[in-house]
Amino acid sequence: MPCADGCGLLPECAPLAVPYVPFQQTGSKRYSQQEALRNGTLFPGLNLPFHLKAEAGKVGSGPLAELQALEFVLAELGQYLDTHQGDSEAFALFQQYAALEREGRQKYEASYGPLFQQSAANDKRYTWLQDPWPWNMGEEYSEKGGEG
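Using this note's numbering, the first residue of the sequence shown is number 1, and each one after it goes up by one.
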């Protein structure tokens with residue numbers, strides 16, 4: 001028998017769920033960029049104890065991984081600022097990380113090519129579909145079609 005809408009009571013057939021969202025304080029402690037990427041959050045107070053970090057050891061290193069970590073921290077700070085708009089320290093940090101991300105992306109693209117299709121518009125010719133792709137850097141390519 002499917003669960004019907006009730007009058008505020010939990011029906012017997014409802015699955016058990018216990019949602020918990022920790023309250024985030026202004027001026028919360030923060031992880032470093034790489035540690036944030038490994039933990040899936042910038043803020044240690046939001047790092048829930050039941051979160052499995054099976055993939056944490058697979059976070060790479062190098063220019064692309066550093067850029068990914070910067071972008072992750074920017075996204076986390078942006079979400080924090082959505083609910084803590086008056087935190088001037090976090091906004092200043094957001095601006096610093098945004099500048100670092102822009103600079104890092106420009107350096108990366110100057111060395112390895114565009115990361116985004118729209119970045120190819122800055123080149124003298126269209127370079128978007130050239131091998132190797134950023135995630136293939138370092139792989140051996142065969143003579144046949146660029147397959148590794």
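Backbone N, C-alpha and C define an ideal beta-carbon position, used for all residues, glycine too.
All values derive from a computational prediction rather than experimental measurement.
(request) Within the same chain, show all residues whose beta-carbon is closer than 8 angstroms to that of D87, passing over the 5 residues directly before and after it, in chain order. (result) T26, G27, Y80, L81
(request) Note down, in chain order, each residue of its chain lying with its Cβ closer than 8 angstroms to the Cβ of S111, except the 5 sequence neighbours on either side. (result) P63
(message) Quick check on E76: buried or exposed, where buried means 16 or more other Cβ atoms within 10 Å of its Cβ?
(response) buried
(request) For A90, count neighbouring Cβ atoms within 10 angstroms of its own Cβ and tell me buried if that reaches 16, exposed if not. (result) buried
(request) List the whole-angstrom C-beta distance separating L37 from F72, where the pair is believed to meet the contact cut-off of C-beta under 8 angstroms. (result) 5 angstroms
(message) I'd like the list of long-range same chain contacts for K124, defined as Cβ closer than 7 angstroms, with 5 residues on each side in sequence excluded.
(response) none
(request) Please state whether DSSP places Q118 in a helix, a strand or coil. (result) helix
(message) Let's test the definition: count the other Cβ atoms within 10 Å of the Cβ of E109 and tell me whether it reaches 16, buried, or not, exposed.
(response) buried
(request) Helix, strand or coil for W128, going by three-state DSSP, please let me know. (result) coil
(message) Just to confirm my understanding: we take R30, look at its own chain, exclude 5 residues before and 5 after, and list those with CB closer than 7 angstroms. What are they?
(response) L42, F43
(request) Drop a sphere of 10 angstroms on the beta-carbon of A69, count the other beta-carbons inside from all chains shown, and report buried for 16 or more, exposed for fewer. (result) buried
(message) Quick check: E66 and G113, are their CB atoms within less than 8 angstroms of each other?
(response) no
(request) Please state whether DSSP places F174 in a helix, a strand or coil. (result) Absent from the model: residue 174. The displayed extent of the chain is 1 to 148, so no value can be given.
(message) Applying the 10 Å Cβ sphere with the 16-neighbour rule, what's the burial state of Q118?
(response) exposed
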